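All remarks here apply to the structure that follows.
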Amino acid sequence: MNSEQVCVVCIFEGSLSARKETISVTSSDSAISAIIQACEAIKAKIQQYTFDQISINNTEVLDAIYNAEILVIDISGCKEVSALLYHLGVRESIKSTVNIVLVRADDFDLIKSLPAFEEPNLILPYVTDEESRARYVDTDRLNLLNGEVANVKSKIISSLPMLTSRLKEVFRKAQKETRYHLTCQFVKELRSDREMLKDDELRVKLRKMRRRLDDPRLLSSDSLLNMFLSYLRIEALEDALYGGENLQCHHCNGMFFFSLQAEDFLSRNGVIETCKQPFPDLYGLEGRIYKDRFVESNCTDRESLEKAIKSYRKGFQESSSDYLGINLATLLVIGGADRSNKELATIWTKCRHIGVQISSINIMPTVLRQTAADLIENEYFASFNVAMATEYSKS
């Protein structure tokens, strides 16, 4: 299991001797099938156990129940409901993330006997349709199913959402809550260690804590800030720098490597084309490399100019950023485009929006790009107004 996987423990009715280690999605039990499909959708790890294993207090099973980020129990047909509710109570007391109780919607007495749950703990009633698929029954429709004749029930059931869809919503929400919970615990531990431990003890503990940051779920501005504050406490500046270098985003590392190895990347055909989802800045980097080639050739390498235009154009089509737009417009003008060029006019129109609230802008690169947009269109008076507005905002 990788560090980003959520662990879902599923408890269901069954004989210990007859239990299979894995249950296929085509299982006759529609609720179990729905759970498995929901787990596959969010790439969660699933562990399955039976009521029998809980009743004999199997240590492995109890550990799995109490440590699981999500616990799903189908109590339909269970004779030991009180024992299961006890285990749910234990999980609530230790602040375990999510507890989900599945129950067949036609067992009204059992549903009424269950205690009230507060989020993130849920009771999800379900029914099985004619195709043996589990469907979630909300509170409003639960009463409609009670006492209705068969043909009316069939119409109501066919309009119900799939249990798999409801479980996926709950599981995805649990993923976010789990990440938040883990981050809070990590930060709390860091702060405590920073106050209680000294010098070498804190240094040793920080090395262990740094390894835990390999789990992407722990990465947040708060956790990183407290990590660096702890390094500062023991004056471990080298460790802080090393940690920062190794915590850069993967796509940022890719961009840095791209720029360092520009010649090597450009010598390989289809570098960006083979990328599943190239981001706009990647096109900007490619355009920058070709633009530099054009400039270094004393503006004689027309092939590099055309390739730079093509790269910036693709990036601007993906994201209408001012950086990509101004570079594209500049190169188009160098290539011979004038005011009649539709593409140049479109870029100019989009970039003009930057200057709508120019008096509130104090970021110099943005102002410079706005000025460049005006100059490209020979709007010298507008460019002068931008400069004056910027100067006025400083005073």
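By full-length UniProt numbering, the letter at position 185 of the sequence shown is numbered 185, and the numbering carries on one by one without gaps. Think of the CB as a built atom: it goes at the ideal place given N, C-alpha and C, for glycine as much as any other residue. Here the structure is a predicted model, which is why all the values come from computation and not from measurement.
Spatial distance of residue i from residue j (CA atoms)
i    : j    : result
D109 : Q175 : 33 Å
F258 : Y323 : Reliability fails at F258, whose pLDDT of 48 lies under 50, so the model's placement of it is uncertain and the value that follows must be treated cautiously. When rounded, the distance between both Cα atoms is 19 Å.
N226 : S93  : 28 Å
I42  : K168 : 7 Å
L202 : D193 : 7 Å
G284 : D214 : 30 Å
K36  : Y312 : Note on residue identity: the sequence assigns Ile, not Lys, to residue 36. Distance between the alpha carbons of I36 and Y312 is about 45 Å.
D107 : R91  : 25 Å
T128 : S319 : 46 Å
A34  : A134 : 7 Å
S113 : V81  : 10 Å
S220 : T183 : 7 Å
K173 : T139 : 20 Å
I334 : R166 : 56 Å
I123 : L62  : 21 Å
H181 : S297 : 56 Å
I32  : R141 : 22 Å
A44  : E235 : 40 Å
L344 : T300 : 22 Å
V295 : G336 : 16 Å
Per-residue burial, residue i [other beta carbons within 10 Å of its own, 16 or more giving buried]
i    : result
E69  : buried
P115 : exposed
C39  : buried
R104 : buried
V204 : exposed
M209 : buried
V8   : buried
D292 : exposed
D74  : buried
T59  : exposed
Cβ-based neighbour list, residue i, same chain, cut-off 6 Å, excluding 5 preceding and 5 following
i    : result
L331 : A308, I309
For residue j and residue i, believed in contact at Cβ under 8 Å, the rounded distance
i    : j    : result
V72  : I100 : 5 Å
L163 : Y126 : 5 Å
Q47  : C10  : 7 Å
G287 : N327 : 6 Å
S223 : V187 : 5 Å
L197 : Y231 : Their Cβ separation, rounded to whole angstroms, is 13 Å, which puts L197 and Y231 out of contact at 8 Å.
Residues near residue i by beta carbon distance below 7 Å, same chain, minus five either side
i    : result
Y290 : S304, K307, A308, S311
P280 : G315, E318, S319, S321, L324
I157 : V127, D129, R135
E199 : For the record, residue 199 in the displayed sequence is Asp; it is not Glu. For D199, where only same-chain residues beyond five positions count, the Cβ hits under 7 Å are I234.
Neighbourhood of residue i by C-beta, 8 Å cutoff - its chain only, sequence neighbours within 5 removed
i    : result
I111 : V103, A105, I123, P125, L142
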